[in-house]
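Trainee: These protein sequences, in sequence, are chains L and W. Heads up: the first sequence runs through residues 359 to 727, numbered per this note's numbering. Heads up: the second sequence runs through residues 1182 to 1625, numbered per this note's numbering. For every residue, glycine included, the Cβ atom is placed at its ideal position computed from N, Cα and C. Because the structure is a prediction, the values reported are computed rather than measured. Sharing a structure here in structure tokens format.
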Amino acid sequence: MIKSNPILICIAKYEQHEANLINQYNQNTGVIILNMKEVVITFLCMAILLYFLLGGADFGAGIIELFTSTKNRSRTRKTMYHAIGPVWEANHMWLIIAIVILFVGFPFIYTTMSVYLHIPLAIMLIGIIARGTAFVFRHYDAVKDDMQWLYNRIFRYSSFITALFLGIIAGSLISGHIDAQATDFYTAYISGWLNWFSVAVGFFTVSLCGFLAAIYLIGETTETHDKRRFIKKAMFMNVAAVVFGAMVFVAAQRDKIPLIDWVFKSQVGLSAIILASLSLMLLWYLLIKGKTKVLRILAGFQVTMILLAISYAHFPNFIRLKSGDSISLLETAGPDKTIYSLGLALLLGSVLILPFLGYLFYKFQKKEE
Amino acid sequence: MDDFIAARSQMALSLGFHIIFSCIGMVMPFFMAVSHYKWLKTNDEMYKNLTKAWSKGVAIFFATGAVSGTMLSFELGLLWPKFMDHAGPIFGMPFSLEGTAFFIEAIALGFFLYGWNKLNKWFHWFTGMVVGVSGLASGILVVAANAWMNSPAGFDFVNGQYLNIDPIQAMFNKAWFTQALHMCLAAFTATGFAVAGVHALMILRDRNTYFHLKAFKIAAVFACIAALLQPLSGDISAKDVAKRQPAKLAAMEALYKTEKPAPLLIGGIVNEKDKSVTGAIKIPGALSFLAHGNFKAEVKGLDQIPENEHPPVAITHYAFQIMVGIGTLLLFISLTYFFTLLKKKSLIEKRWLLKLFVLAIPLGYLALEAGWVVTEVGRQPWIIYGIMRTRDAVTPMPGIAYSFYIFTAIYLSLSIIVTFLLYRQIKMVPVLYDKVESNTHLHS
Ligand code: HDD
Ligand code: HEM
Ligand code: HEM
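Right, here's the structure in full:
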């Protein structure tokens, strides 16, 4: 159990790398004084992971709607609104938390991304703006008329685009195509993200989001007809994810990214992939049997394992550059005092937030009898 | 369009857009809390419906505020990477605390919007208050970050390097309190007058009068108290600016020459080429008093500031005139309103007063935007006052003009849709929130 926790693994790995920054034990009390840098990095990893899972399911809902036949769309929409309405705002906070941690604690990483991935970031932002507002507008418009058609359109397509570009950005960070020495526009601002690998990761992300959403929606409906529909969708998205996942590997080969080494040559990567595959089989078994109880946990676990497998090998390097250099979370962290107060703010925040958030999920997850 | 100008315009546009929604997010929860409280106390269904009607509107604004805010946190890096490289770790403290405040706000909003009939009624009320308090807190925190750009603190600047960084000291810089105070009041003034004005319009049209009268009263009280305090707080701000940013003060008043005592200019046309102002009304000594609390004091003019550190004078001056002009007008409206309340006159008969409120719908927001122009344009050419120039901070990526056009189009269409939605929301009041013809209540 402990071994499979990506955060703990990240920390363990980090300790090996930075012998001088390992946990200090307070001899007298035996209490562990955590290094603040670890705290901050843990929060960052957690925020990114949660954004992928929760925000991803949220994007996925729009993607599912896009791939739903016209006659079932309004039912899908209703289930979806019921499911994510109360929490959707909170889901997107994770992105903001991640970004704030980056620009306060790791400004060099934040600005490198901002400069070289300006275009995909801007497109993703447009997507976020469009889908966020369309989602709310279509629900809160006091008159339900033809405008709904427009909101729906915008919501579906921008959900797709946002997830696609989120994946492209994630892929670009590790693709090693970002060229900080570029002198021409194309190399500096385009080829860093418009390459086979990044795009493949983009589509992979889209299918994962759709998968997460379908699994999530299965548990939100009581109608057997709808349930069967969502189960089918989950299977479809899962197959798509496997296909696109394979394409990510092919693209990595083509772009000379040692993805296979990362995943299969490290014990952690390998175990993560094995665990992901095992949970996949279990998941299909449960889907076919129509047992929907633990599906969500399994799906979340699966996606977490995939992220872990891809990112573990080069952690704590956050951006791989074309020159072969990497930008590491550890080496580019801001001044100690900043990290310290950031960590403190995050800890304080979670003490205030987590109980409240847990209660929100609890309160609105309970099925109304 | 020059990339640098495009980047500045895009930043200004995004911030100018966001600020409207964030002010509503900061203030409306308090209006709702009052109405909600009255419902819980009096059991008058009308208050419950009012709370619900308002909360529908707020949900629309909140979403728009949240996405435009998300946009901003990326935009700081997309447009000003060299600024963020250095500033991030220094002025980041308020942003990290703000994250917490936003989060609490978002969660509490989830409870509030979806908690009707599901939560204990007082806990439900409490979640509404939490939305307001955390919204206000996040507003104060971002403004503290902005104040740091005006009054850098919490680091030593040695040979181009930022040493001995202390984020806490940076957050509590010299400008944070005056700016945050003025900003919070402005949020209440602007939103209060806008909301009160819309309901005043409905009263004038005799639609669901009872419902709109209740709404009007809640909004108007908040608006008018804030508008009374606004000039006082503005005066503190001006004295503060005189001390820390003499160039900005000189630009606000188009004071090209140092004078002792210095007159206050009202209106006037600025000619930046020959550094002169024509057609202004001059109040002798008033600027000396405004800036230093003494009618005889000397006020530094732009002649004492190197030419390459002059902010754009005309824009700053006009924006300041607009803000102060509107502030004075709103002060007058507030005094009249309180006088009417004191005399226990019936509002419905004072149609001219209601008309004044209708006139004031956009004014608060106009003043608010103008005030930000004063602060931000008046800081130019600095992005971090006295430390880093805006021009040195801009992204190396060419073609920002296109990005500016695209975002302009997006913000424009969003504004149109939001206005349209709000119009529909109000139009639907008789159907959704006030089915009983409330006018009969009133006359019976
Ligand atoms: C409803 C809006 C509103 C109204 C009626 C006023 N203001 Fe204001 N003002 C703002 C809204 C605002 C603001 C929220 O837009 C600013 C921008 C930055 C800030 O902290 O508040 C501002 C800034 C600002 C500044 C610059 C502060 C700085 O750069 O640090 C000064 C000197 C004043 N104001 C002075 C006044 C005076 C003398 C007013 C007299 C009536 C006045 N304001 C009314
Ligand atoms: C929401 C209210 C605000 C408004 C309406 C506003 C308005 C503006 C305007 C008009 C400009 C352009 C100035 C020029 O180029 O001449 C600007 C620039 C800028 N503002 Fe603000 N501002 C606001 C708050 C903030 C806050 C809270 C921050 C950061 C913490 C901030 C950071 C910046 C930056 C980085 C620039 C670009 C650099 C510069 O032009 O100096 N602003 N803003
Ligand atoms: C004076 C300027 C500003 C004020 C007063 C202000 C205030 C607020 C408030 C009250 C909200 C809550 C949203 C709502 O209730 O509608 C909000 C949202 C947000 N703001 Fe601003 N803001 C300002 C400028 C900025 C800047 C410069 C940034 C980014 C660097 C920013 C980032 C955000 C983000 C990320 C959100 C979304 C959070 C959410 O989901 O609730 N804001 N802002």
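Rounded to the nearest angstrom, how far is the Cβ of alanine 1214 (chain W) from that of methionine 1310 (chain W), given a contact under 8 Å?
Mentor: That pair is a contact at about 5 Å.
Trainee: Check the Cβ-Cβ distances between serine 1319 (chain W) and every residue of chain L, and say whether any is below 8 Å.
Mentor: no
Trainee: What do you get for histidine 583 (chain L), buried or exposed, if any count of 16 or more other CB atoms within 10 angstroms of its CB means buried?
Mentor: exposed
Trainee: Runs of 4 residues minimum, wholly inside the stretch 1427-1511 of chain W: which ones carry the alpha helix (DSSP H) assignment?
Mentor: Counting whole runs of 4 or more residues, the stretch 1427-1511 of chain W contains the alpha helix (DSSP H) stretches 1427-1433, 1467-1473.
Trainee: Taking the beta strand (DSSP E) that valine 1339 (chain W) belongs to, which residues open and close that run?
Mentor: 1337-1339
Trainee: If you reduce the DSSP assignment to three classes, tell me which class phenylalanine 1304 (chain W) lands in.
Mentor: helix
Trainee: Going by beta carbon distance, what residues of the same chain come within less than 6 Å of phenylalanine 1198 (chain W), once the five residues before and after it are set aside?
Mentor: Ser1249, Tyr1592
Trainee: Buried or exposed for asparagine 386 (chain L), going by 16 or more other Cβ atoms inside 10 Å?
Mentor: Confidence at asparagine 386 (chain L) is low in this model, with a pLDDT of 37, below 50, so its placement is unreliable and the value that follows should be read with caution. It is exposed - the Cβ of asparagine 386 (chain L) has fewer than 16 other Cβ atoms within 10 Å.
Trainee: Counting only the same chain and skipping the five closest in sequence on each side, list residues whose C-beta sits under 7 Å from that of methionine 1209 (chain W).
Mentor: Trp1235, Val1239, Thr1372
Trainee: Tell me, please, whether the CB atom of lysine 1438 (chain W) is closer than 8 Å to any CB atom in chain L?
Mentor: With 8 Å as the cut-off, lysine 1438 (chain W) does not count as an interface residue toward chain L.
Trainee: For the beta strand (DSSP E) holding serine 684 (chain L), just list the boundary residues, first then last.
Mentor: 684-686 is the span of the beta strand (DSSP E), which, as asked, contains serine 684 (chain L).
Trainee: Can you tell which of L:Ala572, L:Ile454, L:Val501, L:Ala610 has the C-alpha that lies nearest to the C-alpha of leucine 402 (chain L)?
Mentor: Residue L:Ile454 is the option with its Cα nearest to leucine 402 (chain L).
Trainee: Taking 7 Å as the cut-off, does the CB of methionine 1504 (chain W) come closer than this to any heavy atom belonging to ligand 1?
Mentor: Indeed, a heavy atom of ligand 1 lies less than 7 Å from the Cβ.
Trainee: Between serine 1254 (chain W) and chain L, is there a C-beta pair that is closer than 8 Å?
Mentor: yes
Trainee: Can you tell which of L:Met451, L:Leu483, L:Lys395, L:Val462 has the C-alpha that lies nearest to the C-alpha of serine 1195 (chain W)?
Mentor: L:Leu483
Trainee: What does phenylalanine 451 (chain L) reach in chain W if we use C-beta pairs closer than 7 Å?
Mentor: The sequence shown places methionine at residue 451 (chain L), rather than the phenylalanine named in the question. In chain order, Phe1283, Phe1284, Ala1287 make up the part of chain W whose C-beta sits under 7 Å from the C-beta of methionine 451 (chain L).
Trainee: Just to confirm the assignment, what range does the alpha helix (DSSP H) spanning asparagine 1230 (chain W) have?
Mentor: 1226-1260
Trainee: Glycine 490 (chain L) to isoleucine 421 (chain L), Cα distance in whole Å?
Mentor: Spanning the two alpha carbons is a distance of roughly 14 Å.
Trainee: Given 7 Å as the limit, tell me if glutamine 1561 (chain W) has its C-beta closer than that to any heavy atom belonging to ligand 1.
Mentor: no
Trainee: Using the beta-carbon count (16 or more within 10 Å), is leucine 712 (chain L) buried or exposed?
Mentor: exposed
Trainee: Can you give me the start and stop residues for the alpha helix (DSSP H) that tryptophan 1533 (chain W) sits inside?
Mentor: 1532-1540
Trainee: Once you ignore the five residues that flank tryptophan 452 (chain L) on each side, which residues in its own chain have a CB closer than 8 Å to its CB?
Mentor: Ala405, Ile406, Leu408, Tyr409, Leu412, Gly413
Trainee: Relative to ligand 1, is the shortest distance from any of its heavy atoms to the C-beta of isoleucine 399 (chain L) smaller than 7 Å?
Mentor: no
Trainee: Assign tryptophan 1303 (chain W) to buried or exposed, taking buried as 16 or more other Cβ atoms, counted over all protein chains shown, within 10 Å of its Cβ.
Mentor: exposed
Trainee: Name the two residues that bound the continuous beta strand (DSSP E) containing isoleucine 1564 (chain W).
Mentor: Start and end: 1563-1565.
Trainee: Looking at the structure shown, is methionine 639 (chain L) part of a helix, part of a strand, or coil, going by DSSP?
Mentor: helix
Trainee: Evaluate the contact criterion for the stretch 1355-1366 of chain W versus the stretch 1407-1415 of chain W: three or more CB pairs, one atom per stretch, below 8 Å.
Mentor: In short, these stretches touch, since the Cβ pair count reaches three.
Trainee: Between the beta-carbon of proline 1427 (chain W) and the beta-carbon of valine 473 (chain L), is there less than 8 Å?
Mentor: no
Trainee: Within 8 Å of any Cβ in chain L, is that where the Cβ of alanine 1431 (chain W) sits?
Mentor: no
Trainee: Please confirm whether any heavy atom of ligand 1 lies closer than 7 Å to the CB of valine 1239 (chain W).
Mentor: No - ligand 1 has no heavy atom lying nearer than 7 Å to the Cβ of valine 1239 (chain W).
Trainee: Count the other CB atoms within 10 Å of the CB of threonine 563 (chain L); is the residue buried (16 or more) or exposed (fewer)?
Mentor: The residue is buried, with at least 16 neighbouring Cβ atoms inside 10 Å.
Trainee: Out of W:Lys1456, W:Leu1278, W:Gln1411, which has the shortest C-alpha to C-alpha gap to leucine 704 (chain L)?
Mentor: W:Leu1278
Trainee: Start and end of the alpha helix (DSSP H) containing phenylalanine 1185 (chain W)?
Mentor: That run of the alpha helix (DSSP H) goes 1184-1223.
Trainee: Do tryptophan 1329 (chain W) and asparagine 1298 (chain W) have their beta-carbon atoms positioned less than 8 Å apart in this structure?
Mentor: no
Trainee: Using a C-beta cutoff of 8 Å, does serine 472 (chain L) count as contacting chain W?
Mentor: yes
Trainee: Beta carbons nearer than 7 Å to chain W: which residues of the stretch 677-700 of chain L have them?
Mentor: Those residues of the stretch 677-700 of chain L that come within reach of chain W (Cβ to Cβ, closer than 7 Å) are Gly692, Pro693, Lys695, Thr696, Ser699, Leu700.
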